[in-house]
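Peer 1:
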Amino acid sequence: MNPIVLIPARMASTRLPGKPLAMIGDAPMIVQVWRRAVASFNGTVVVACDGEAIAAAITKAGGRAVLTDPDLPSGSDRIYQALQKIDAGKKHDIVVNLQGDMPTLDTSLVGQVLALMDNPKVDIGTLAAEIKEEREKSDPAVVKVAIGGLGIGDWALGKENTSPIPNAQSPMPFSGRALYFSRAAIPSGDGPLYHHIGIYAYRRPALDYFVTLPPSPLEKREKLEQLRALEAGMRIDVVVVDAVPLGVDTPETLDIARKFYEQK
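Throughout the sequence shown, residue numbering follows the working numbering, covering 1 to 264 in sequence.
1. Excluding the 5 residues flanking asparagine 2 on each side, which residues of the same chain have their C-beta closer than 8 Å to its C-beta?
2. Check whether the Cβ atoms of aspartate 50 and arginine 78 lie closer than 9 Å to each other.
3. Which complete beta strand (DSSP E) runs does the stretch 192-249 hold, if anything under 3 residues is left out?
4. Run the CB neighbour count on aspartate 237, radius 10 Å, all protein chains shown included, and call it buried at 16 or more, exposed below.
5. Among the candidates Ser175, Pro205, Arg203 and Val143, whose CA atom is the shortest distance from the CA of arginine 183?
6. What three-state label does DSSP hand serine 163 in the structure shown?
7. Going by C-alpha to C-alpha distance, which of Arg203, Val239 and Ala37 sits closest to tyrosine 80?
8. Should glutamine 112 and glycine 247 be called a contact, given that it needs their Cβ atoms to be closer than 9 Å?
9. The alpha helix (DSSP H) with glutamate 134 in it runs from where to where?
10. With DSSP as the reference, label glycine 18 as helix, strand or coil.
11. Where does proline 3 sit, in a helix, a strand or coil, going by DSSP?
12. CB alanine 178 to CB phenylalanine 210, shorter than 9 Å?
13. Give the secondary structure of threonine 186 by DSSP, where H, G and I count as helix, E and B as strand, and everything else as coil.
14. Quick one: which unbroken alpha helix (DSSP H) runs of 4-plus residues sit fully inside the stretch 2-82? Chain order, please.
15. Pick from His195, Ile86, Thr126 and Ile256: whose alpha carbon is nearest that of lysine 132?
16. Let me know the secondary structure DSSP gives phenylalanine 181 once reduced to three states.
17. Which residue's Cα is closest to the Cα of glycine 189: Ala146, Pro217 and Gly151?
18. When DSSP labels each residue in this structure, what does alanine 88 get in the three-state scheme?
Now the structure itself:
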């Protein structure tokens, strides 16, 4: 594999405008996310942003940024446009979409989602964590994923960890196939529920195909873009990790992130 990590970032957040440049510790949030991506990955990391201010912050920190259309509707559209600008020759065959609002990201997560792509049948890899708080099970803001065949994948059995990703963990004992994503508590009945984590690894042809698809009926109903891929017959595999990374989208979560860096 020759993966690339792309971090989409835009200034026009509805709940926390300008959040990529909000100071956390000694740097803007987008720089802290970029640093953690670099620490997690022996390869190319690029920020795909909607304006010069974000690009300038990343460049000052020693990173690379590419400007994208500010009117693009989603992060997947933003990383796709950035990819056409920086890798038109398709040197990179795996693309990681890492959200730009996770400044306290566990640096093992990039390696874990990339390890799913060892299976050539997988189009898209993503992450989930078991829901521990009862209130989250009924919270529509917490996206749930129903995972089939959760266990040791046959692709992982007996394999050595030969990944170039420093924090990859292979074999992975807790992975399976995404059957559905919902804002409702799925599946019903006794057993754990899983909180979807919005970090994705796309096989390059899968991303090329995905961005050509129109929004699907279930996607529009649930307001979840990943359902477009499932309705189109694409395979999404999920690895279960220990915890959901903090996503900063309110003043309260920004304060939590700042306290995290104060304690470092």
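Backbone N, C-alpha and C define an ideal beta-carbon position, used for all residues, glycine too.
Peer 2: So, from the data block:
1. Your numbering for residue 2 matches position 2 in the sequence shown. Hits under 8 Å: Gly43, Lys91, His92, Asp93 and Ile94.
2. Residue mapping note: residue 50 aligns to position 50 of the sequence shown, counting from 1. Residue mapping note: residue 78 aligns to position 78 of the sequence shown, counting from 1. Result yes, Cβ atoms of aspartate 50 and arginine 78 sit closer than 9 Å.
3. 194-203 and 236-241
4. Sequence index remark: in the sequence shown, residue 237 carries index 237 (1-based). Label assigned to aspartate 237: buried.
5. For this step, residue 183 is matched to residue 183 along the sequence shown. Checking every option, the nearest Cα to that of arginine 183 belongs to Val143.
6. Taking the sequence shown and counting its residues from 1, the one referred to as residue 163 is at position 163. Model confidence at serine 163 stands at a pLDDT of 39, short of 50, so the residue's coordinates are unreliable and nothing is read from them.
7. Here residue 80 is taken as the residue at index 80 of the sequence shown, counted from 1. Closest option to tyrosine 80, Cα to Cα, is Arg203.
8. Counting from 1 along the sequence shown, the entry for residue 112 is found at position 112. Counting from 1 along the sequence shown, the entry for residue 247 is found at position 247. Cβ distance not < 9 Å, so glutamine 112 and glycine 247 don't count as in contact.
9. The residue you call residue 134 lines up with position 134 of the sequence shown. Taken as a continuous stretch (DSSP letters only), the alpha helix (DSSP H) holding glutamate 134 covers 134-137.
10. Here residue 18 refers to the residue found at position 18 when the sequence shown is read from its first residue. Coil at glycine 18, not helix or strand.
11. In the sequence shown, residue 3 corresponds to position 3, counting from 1. It is a strand residue.
12. Mapped onto the sequence shown, residue 178 falls at position 178. Mapped onto the sequence shown, residue 210 falls at position 210. No, they are not a contact pair.
13. Working through the sequence shown from its first residue, we reach residue 186 at position 186. Checking the sequence, you will find isoleucine at residue 186 rather than threonine. Of the three classes helix, strand and coil, the one that applies to isoleucine 186 here is coil, per DSSP.
14. 29-40 and 52-60
15. Translated into positions along the sequence shown, residue 132 becomes position 132. With distances taken between Cα atoms, lysine 132 lies closest to His195.
16. To locate residue 181, count along the sequence shown from 1; it is residue 181. Here phenylalanine 181 sits in strand by DSSP.
17. Within the sequence shown, numbered from 1, the residue matching residue 189 stands at position 189. For glycine 189, the nearest C-alpha among the options comes from Ala146.
18. By 1-based counting over the sequence shown, the position of residue 88 is 88. If DSSP states are grouped into helix, strand and coil, alanine 88 belongs with coil.
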